Each structure stands twice: as structure tokens, then as C-alpha cells.
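What follows is one structure encoded as C-alpha cells, with my remarks underneath.
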Amino acid sequence: MAYAIERGAKRIAFPCEVECTGAGEGPLNPRISDLSATGAFIDSMNAVPAGSCLSLKFALPTGTITVNAEVVHAMPHFGMGVRFLDLTDEQRRAIERVVAEAS
């Protein structure tokens, strides 16, 4: 998949609920389906256009985090790939730990 190559970070299957705000597109009913240290794929029937900025809140084994993200590609009726923006060192380490432990 070209998206995985472009992203350059190892990703894992990580199904979890996510609160998504800033979309302005109505309810997304989103779920994260995969996760990497740099972003995620969010399953949603109502994808948000590429370039949109979102706030995402989701649970990791170490606790809930809230991150800002940019939609890098959208697939209508399927979902969207997002890149995390401005992660704190603590957030980055928490995500990297989840990815490493699942590998």
C-alpha cells in the first residue's frame, strides 16, 4: 500500500474508539483501525477532506491522550489517514511503546 510506504513508520492494528472534533462534517462515528508513531487510519463513513485539522482523543494502555492531527488522505465511505501534529515527548513515547509491544 503506497500510504504505508510514504508514512515510513511501523504501524500496528489498533482498533479503538476515538473522539474526533474539528471536522465540521457532522457525526463521524470514527474508530482507529491502525496506529503508528506518526499517525493513524481512522475508519469513518464520513471522511474529512485532506488538509483538514482534527483533535483526536483516544485511549492507550497507559491512559487517554488528546492529539492534533492533519488529514493526509481521505477515502469517502471508508475513512482517512491522519498525521499527528505537535506530539509531546510523553505522547510520542507512549505511542511508540504501544507499537513496539505489539510488534
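Reading the sequence shown from the start, the letters are residues 1 to 103 in the numbering used here.
Built from N, CA and C at the ideal position, the CB exists for glycine as well.
All of these numbers come straight from a predicted model, not from anything done at the bench.
- Query: Going along the chain, which residues of its own chain have a beta-carbon closer than 6 Å to the beta-carbon of GLU106, five neighbours each way excluded?
  - Reply: Residue coverage of the chain in this structure runs from 1 to 103, which leaves residue 106 outside it and unanswerable.
- Task: Could you round the C-beta distance between ARG83 and GLU70 to whole angstroms and report it? I think they count as a contact, below 8 Å.
- Result: As a working note, residue 83 is residue 83 in the sequence shown. As a working note, residue 70 is residue 70 in the sequence shown. 5 Å between Cβ atoms; contact.
- Query: Does DSSP classify ALA94 as helix, strand or coil?
  - Reply: Working through the sequence shown from its first residue, we reach residue 94 at position 94. ALA94 falls in the helix class under three-state DSSP.
- Query: Between GLY81 and VAL67, which are expected to be in contact by the criterion C-beta below 8 Å, what is the C-beta distance as a whole number of angstroms?
  - Reply: Stepping through the sequence shown from its first residue, residue 81 is reached at position 81. Stepping through the sequence shown from its first residue, residue 67 is reached at position 67. So it is not a contact: roughly 14 Å between Cβ atoms.
- Task: With DSSP as the reference, label ALA72 as helix, strand or coil.
- Result: Here residue 72 refers to the residue found at position 72 of the sequence shown. A small correction: the amino acid at residue 72 is Val; Ala does not occupy that position in the sequence shown. Residue state, collapsed to three classes: strand.
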